[in-house]
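Numbering (this note's numbering), first residue to last: 23 to 115.
All C-beta atoms, glycine included, are put in the ideal place defined by N, C-alpha and C.
See below for the structure under consideration.
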Amino acid sequence: MYVPHRVHFLPSSPISNQVTSPSSGGACHGGQPCTVNWVDDGRAPLLSDIGVANIGLYTGQQQLLQTIEPVDVSKTHSFTFTPDTKVGPNSGS
């Protein structure tokens with residue numbers, strides 16, 4: 023199953039703009055590990071000021087499909103999760 027849903031820290035989160043992979047248009051596949059990487063671009067808020075972020079797999083319409091364990095973005099710059107194969111068809115976005 024192909025799952026090109028977006029991974030967001032939170033809808034409209036400033037961290038979303040600092041995600042480096044998967045890149046825009048990239049995809050993760052249901053049932054297979056997907057690694058998300060990000061960098062601190064030096065603009066406020068700094069990752070060191072944010073700390074723990076709630077993460078989820080969302081559709082392009084911001085519908086939560088899968089909750090992912092929170093990540094302390096001040097201490098790590100990546101995480102790996104496995105998209106649930108039951109989250110539905112491609113998001114189309």
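Selected residue, minimal CA-CA separation from Cys56, among Gly48, Pro92 and Ala66:
By 1-based counting over the sequence shown, the position of residue 56 is 34. Comparing Cα positions, the closest option is Gly48.
Measuring straight from C-alpha to C-alpha, what distance separates His99 and Arg65?
Start at 1 with the first residue of the sequence shown, and residue 99 comes out as number 77. Start at 1 with the first residue of the sequence shown, and residue 65 comes out as number 43. His99 and Arg65: Cα-Cα distance of roughly 16 Å.
Span separating the alpha-carbon of Ile77 from that of Cys50:
The sequence position of residue 77 within the sequence shown is 55, counting from 1. The sequence position of residue 50 within the sequence shown is 28, counting from 1. Rounded to whole angstroms, Ile77 to Cys50 spans 15 Å at the Cα level.
Would you list the one or two residues that DSSP bridges to Ser100?
By one-based count along the sequence shown, residue 100 stands at place 78. Answer by DSSP bridge pairing, in chain order: Asn59.
Determine which residues share a DSSP beta bridge with Ser43 and list them.
Position 21 of the sequence shown, counted from the start, is the residue given in the question as residue 43. For Ser43, which the question treats as bridged, DSSP gives the partners Asn59.
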